[in-house]
Amino acid sequence: MLRGLFLFKPMAYDKHLAGRITDCLSHIQLLEEKKMFGGVGFMVNEKLSVGVMNDEMIVRCGPEITDDLLTQQGVRPFDFTGKPMKNWVVVHPSILKTDAQLQEWINIALDYNKKAKKSKKKK
Numbered sequence: 030m031l032r033g034l035f036l037f038k039p040m041a042y043d044k045h046l047a048g049r050i051t052d053c054l055s056h057i058q059l060l061e062e063k064k065m066f067g068g069v070g071f072m073v074n075e076k077l078s079v080g081v082m083n084d085e086m087i088v089r090c091g092p093e094i095t096d097d098l099l100t101q102q103g104v105r106p107f108d109f110t111g112k113p114m115k116n117w118v119v120v121h122p123s124i125l126k127t128d129a130q131l132q133e134w135i136n137i138a139l140d141y142n143k144k145a146k147k148s149k150k151k152k
């Protein structure tokens, strides 16, 4: 018997939510889906824009609206590493029930995507 050994088990993510996001982004020419942070991220024009972790959606948003978004019920800072990430929020599934609600959050991410800088490629 192994004592003190903790096995890492990847977290499952909501594949239904990921599929709904894929449907909303289907009109995007340069779209890539990547497994990351125990979930899935959606790259639009080579920039991470939205993703799914567990059953929640993560959304990249502009610095000018982040504070306002965080005042909404069901929205919190994206704090994956113990330090909140700038220009990212986590959206609870309770406010993503309708396609219109989901599209609203995707639109926020797509609006910021036009201004966001690409991540530097690792060598």
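Residues in the sequence shown are numbered from 30 upward in steps of one, following the working numbering. Just so it is clear, CB atoms sit at the ideal spot from N, CA and C, and this is done for glycine as well. As the structure is a computational prediction, the values presented were derived from the model and not from experiment.
Alpha-carbon to alpha-carbon, Gly48 and Leu98: Rounded to the nearest whole angstrom, the CA to CA distance from Leu98 to Gly48 is 24 Å.
Starting from Gly60 and walking both ways along the beta strand (DSSP E), at which residues does that stretch end? According to the sequence shown, residue 60 is Leu rather than Gly. Where Leu60 is concerned, the enclosing beta strand (DSSP E) stretches over Leu60 to Met65.
When you compare each of Tyr42, Ala41 and Leu54 to Asp128 by their alpha carbons, which one comes out closest? Minimum Cα distance to Asp128 is reached at Leu54.
Which of the three DSSP states, helix, strand or coil, is assigned to Lys144? Three-state result, Lys144: coil.
Spatial distance of His45 from Glu93 (CA atoms): Between His45 and Glu93, the C-alpha separation is close to 31 Å.
Relative to the alpha-carbon of Val27, which residue among Arg89, Asn83 and Phe66 has its alpha-carbon at the smallest distance? The chain is shown only over 30 to 152; residue 27 falls outside these bounds and no answer can be derived.
Limits of the beta strand (DSSP E) - the one that Ile87 falls within: That run of the beta strand (DSSP E) goes Glu85 to Arg89.
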